[in-house]
Every structure is written in C-alpha cells, then in structure tokens.
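Trainee: Residue numbers for the sequence shown follow the numbering used here, so the first one is 64 and each next one is one higher. Mind looking over this structure? Questions follow.
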Amino acid sequence: MNHQPKPQEGNLTNLKDFVLLGFSDVPNLQWLLFGLLLAIYSFIILGNGTIVLLTKVDSALQTPMYFFLGNFSFLEICFVSITLPRMVFNLGTQRRTISFIGCATQMCCTLILGATECFLLAVMSYDRYIAICNPLRYPLVMNQRVCSQLVIGSWISGMPVQIGQTSQIFSLSFCGSNEINHFFCDIPPILHLACGDTFINELMVFLGAALFSFFPLLLIVFSYSKIISAVLKLASAKSRAKAFSTCSSHLAVVMLFFGSGMITYFRSNTSHSGEIDKVISLFYTVVTPMFNPMVYSLRNKDVTIALRKFLCKQFVKM
C-alpha cells in the first residue's frame, strides 16, 4: 500500500455539504443516463422483488437455498436503493449537493450492506456445499433455526466495524474543494478530500476490506473446491449438469461482486482515479443487483415454474 502524506493546508473548511459530481463530465448524456438508470432501477426492484415474493408464497421454494436467495434479493433492493435513486435525482434535477450527515449515512449504509452481501454470499456457498457434499445430513444441518441465525448474523456482523469506520473518516478535517468525483459517498473519494495524513485511515480501510472479503471468499473457495470434487464423481451426466448449473449462477454473482469491490478497496488512495472508480463501482452497486434476478430466474427451472404458477393464478383471479 503506497503512501504519500498530504500537505496540511492552512484553511480548513467546516463542510456542511458535499457536491456529488457523478457523471457531470458528460453533459450531453445527462438525460440519456437519467432514463437508462431509471429503467435499470425499476428492473432491479421488479426482478428482485419478484424473487422475494415467490420465495414467500410458493411452497416449492420453501427450502434453505431459496430462503437465502429471497434474503439476498431483498438485500440487493436495499443496497441499490441507497445509491441509485440519488443518482437519478441528481441527473433529473441537476442538484448535486448532499449534506454532511446525509453523505456519512449513505457511506455507512453502503458499507454495512456491502459487508452483509459478502457474508450472505459465503452462507449461500456453504448451503450448496452441504446440499451437494452431505445430502443426507442437509435437512438436519440447514434447519430453519440455523438458516435464520446465519441470515441474522450476516446482517448484523458488519455493523459495529462499519459504523466505527464511517465515524473515523468523517471526523477528519476537510479542506479545499467539497466536490466528490463520484456518484455516491464512497471511501476513496472522501479520503481524497481530507487534509493531513490519512495513512491510518487508509490502513483501517484495507484491514476492514480484508476482514469482510477475504474470510468470506476463503469459505466460498473452500466450498466450491469441495463441490466441484463431489460433482465430478457423480455417475450421471444429467446430475452433474444440474449441480453445475445451480452453482454457476451463484459463482457468477460472487465473482462480479467480490472482483469489483476488491479492486476498489485494495488500492491505495494515491492510485485511485475518479473516472475508473466510478466505472468499477457501477459493477457492485448496479450491475450485480441487476444481474441477480436474471441468473436466478432465467437459469433456474424452479423459479421459472413458480413464476408461471403465480402469474396464472393472478390471471384467473382477474
């Protein structure tokens, strides 16, 4: 982690608000981006909301795997709702200011839900590991109480650390410009505005990212190494294809989320580029939530059948 201390400027500003520059560098595309992001947000809410609904109302989806999937889809709705509506609002009104408290709240919620997503993806991989490698013990190991505890643990485990990290960052002094070269209040662009030496803050960001990404990722890698080994031993080609199909959807989401997140948070503050950061951040804040309903509905026969049954019932009622 390369470090170059920032010069301490004489004029410190007690900021009351920040300005999110977002995509202001492409003024001719503002309304195109407004329409595109609004459509994407609507699709994410509709797609993930449908999965949440189906996992609640369809008896065939009352299994641990779909219990976790329903919670993950709900998490994606919450995660995208922290950043995307604000982006759409800024593009539509050209009002880019966000209050100091609002910025801190947005960052804190993003970090907490990001940590939750890391843990929940690890839990989902562990569920697939037990289901494929220990199918006879699966109902006993992944009972309703254990599933609920794993989900609750995923939601609350990151809260103390991420609240503390946000408080530490926003207790810094900020000088000069209040313009954030990003579309939401993320750690790298906020640290870029801070005065003085931010080495300790960068180190804490690095350690926090390691804690909430490496350990879940190690569990995911372990689970999938065991899964692949077990699947290759299956005699039936059809069984192997079904197992790989189920796991590949989850693995695609894992690679997209962890890959983009780790690129963002494991680089030093001095090596960050505003434009590159915005593009990378789109992957874990927008693309992953949009990708989730597609891979789990288009590639999953159970979800597709449940959706058809649900729609048929609604048409009959009409």
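Think of the CB as a built atom: it goes at the ideal place given N, C-alpha and C, for glycine as much as any other residue. All values derive from a computational prediction rather than experimental measurement.
(1) For the beta strand (DSSP E) that contains M81, what are its first and last residues?
(2) What first and last residue would you give for the beta strand (DSSP E) that runs through S162?
(3) So what's F247 in DSSP terms, helix, strand or just coil?
(4) Between the C-alpha atoms of H245 and F152, what's the straight-line distance to the nearest angstrom?
(5) Return the residue from the list F285, Q157, F354, L370 that minimises the CA-CA distance to G85.
(6) What does E338 pair with, by DSSP beta-bridge criteria?
(7) Where do the N-terminal and C-terminal ends of the alpha helix (DSSP H) with Q377 fall, by residue?
(8) Mind checking A300: buried by the 16 CB within 10 Å criterion, or exposed?
(9) Grouping DSSP H, G and I as helix and E and B as strand, with all else coil, what is F237?
(10) To the nearest angstrom, report how far apart T118 and F354 are at their CA atoms.
(11) If you pair each beta-carbon of the region 107–121 with each one of the region 193–201, do three or more pairs fall below 8 Å?
(12) Could you check the C-alpha separation between Y359 and G133 for me, to the nearest Å?
(13) Provide the residue span of the alpha helix (DSSP H) that contains V120, from first to last.
(14) Going by beta carbon distance, what residues of the same chain come within less than 7 Å of S276, once the five residues before and after it are set aside?
(15) In the DSSP output, which residue or residues are listed as bridge partners for A304?
(16) Are I174 and Q225 closer than 9 Å when you measure CB to CB?
(17) Which residue spans inside the region 136–220 form an unbroken alpha helix (DSSP H) run of at least 4?
Mentor: Considering the structure as presented:
(1) Stepping through the sequence shown from its first residue, residue 81 is reached at position 18. In the sequence as presented, Met is not what sits at residue 81; that position holds Phe. Counting along the chain, the beta strand (DSSP E) containing F81 begins and ends at 80–83.
(2) Translated into positions along the sequence shown, residue 162 becomes position 99. First-last of the beta strand (DSSP E) with S162: 160–162.
(3) Residue mapping note: residue 247 aligns to position 184 of the sequence shown, counting from 1. Three-state DSSP puts F247 in coil, outside helix and strand.
(4) If you number the sequence shown from 1, residue 245 lands on position 182. If you number the sequence shown from 1, residue 152 lands on position 89. Between H245 and F152, the C-alpha separation is close to 15 Å.
(5) Your numbering for residue 85 matches position 22 in the sequence shown. For G85, the nearest C-alpha among the options comes from Q157.
(6) By 1-based counting over the sequence shown, the position of residue 338 is 275. In DSSP, E338 forms no bridge with anything.
(7) The residue given as residue 377 occupies position 314 in the sequence shown. 364–380 is the extent of the alpha helix (DSSP H) around Q377.
(8) Looking up residue 300 in the sequence shown gives position 237. Here A300 is exposed: its Cβ has fewer than 16 other Cβ atoms, across all protein chains shown, within 10 Å.
(9) Locating residue 237 in the sequence shown gives position 174, counting from the first residue. Note: F237 maps to strand in three-state DSSP.
(10) If you number the sequence shown from 1, residue 118 lands on position 55. If you number the sequence shown from 1, residue 354 lands on position 291. The alpha-carbon atoms of T118 and F354 are separated by roughly 18 Å.
(11) The region 107–121 is not in contact with the region 193–201.
(12) The sequence position of residue 359 within the sequence shown is 296, counting from 1. The sequence position of residue 133 within the sequence shown is 70, counting from 1. Each residue's alpha carbon lies about 11 Å from the other.
(13) Working through the sequence shown from its first residue, we reach residue 120 at position 57. According to the DSSP assignment, V120 belongs to the alpha helix (DSSP H) that extends over 93–120.
(14) Working through the sequence shown from its first residue, we reach residue 276 at position 213. Cβ neighbours of S276 within its own chain (closer than 7 Å, five residues either side excluded): C181, F321, G324, M325.
(15) Within the sequence shown, numbered from 1, the residue matching residue 304 stands at position 241. DSSP output for A304 lists no bridge partner at all.
(16) The residue you call residue 174 lines up with position 111 of the sequence shown. The residue you call residue 225 lines up with position 162 of the sequence shown. Reading the sequence as shown, one finds Leu at residue 174 and not Ile. Closer than 9 Å, so yes.
(17) As summarised for the region 136–220, the continuous alpha helix (DSSP H) elements at least 4 residues long and confined to that stretch are 163–196, 201–204, 207–219, given in chain order.
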